Amino acid sequence: MFRAVDKLRNAVNNLEASLINENAKQTLLEVKEIVELSSHIYEQLKKVDDLVVDTDNKIDSEVFEHASSLDFLYKPTTIENYYEGNYLELFAERRSRELQDSGAMLIHNKFWTANNVIYGNIFGSIPKELITKESVDKLLRYGWETVLVHIYEIKGGMEYTKLYDICKQKFEKYLIVSEKKNNTNLVLVFRV
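First residue of the sequence shown: 13, per my numbering; consecutive thereafter.
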């Protein structure tokens, strides 16, 4: 979000410069850029606002504290009973090939090494802002999807079994993660 605001700030500065130089064509281009950036920021904020409205009744504020929201690329599973047979093994092989081919494998591995997955039902994801546009485009062509992920810090010490139960009840698609850098447990809720 901050990157988008920086881009908007730059576009406004460029608009001022084009007005000073009385460059009508450039002024129109800058206004168009400002409208597009503003629209993007509005849509992102609207998603967060919709989440607050949708989940106020679902999120237990004594257990979870909203830390941030990010766009992730997410590889959806294609069958309902993914634990049966060797589906997840084949899924992991496909995911690895796609990440390797897109040039995102190293960043993916670094991210998920720094953020250890403890439990959840997401088997392929990466923050969109960490990888190049070319990698994003390639993964999207492979069927990955852009999803908004809300990140919640877990307040206080809680046994993992209790946390599993709460997450299973409250969230459809999620990961319980241990962030090594800050020694913090997080829940990533995927708005699929």
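Beta carbons: idealized from backbone N, C-alpha and C, even for Gly.
All values derive from a computational prediction rather than experimental measurement.
query                                                                                                             : result
Between the CA atoms of residue 80 and residue 29 - distance to the nearest angstrom                              : 35 Å
Outcome for residue 50 when other beta-carbon atoms lying within 10 angstroms are tallied against a minimum of 16 : exposed
Alpha-carbon spacing of residue 190 relative to residue 123, whole angstroms                                      : 12 Å
Alpha-carbon to alpha-carbon, residue 136 and residue 96                                                          : 18 Å
Test item: CB-CB of residue 131 and residue 166 under 8 Å                                                         : no
Sub-8 Å separation of residue 202 and residue 86 beta-carbons                                                     : yes
Paired residues, beta bridge with residue 168 - DSSP                                                              : Answer by DSSP bridge pairing: none, since residue 168 is not bridged.
Coarse secondary structure for residue 51, derived from DSSP in three states                                      : helix
Where residue 96 sits in the DSSP three-state scheme                                                              : coil
Pair within 8 Å by beta-carbon distance, residue 16 and residue 53                                                : yes
Cβ pair residue 192, residue 116 closer than 8 Å                                                                  : no
Segments assigned beta strand (DSSP E), at least 3 residues, entirely inside the segment 131 to 171               : 137 to 139 and 157 to 166
Supposed contact pair residue 76 and residue 164 - C-beta distance, whole angstroms, cut 8 Å                      : 4 Å
First through last residue of the alpha helix (DSSP H) which encompasses residue 195                              : First-last for residue 195: undefined, no H or E at that position.
Top-ranked residue by Cα proximity to residue 92, from 82, 114, 133 and 138                                       : 133
Beta-carbon spacing of residue 42, residue 57 below 8 Å                                                           : no
C-beta atoms of residue 88 and residue 157 nearer than 8 Å                                                        : yes
Option in 128, 36, 139 and 19 with minimal Cα separation from residue 197                                         : 128
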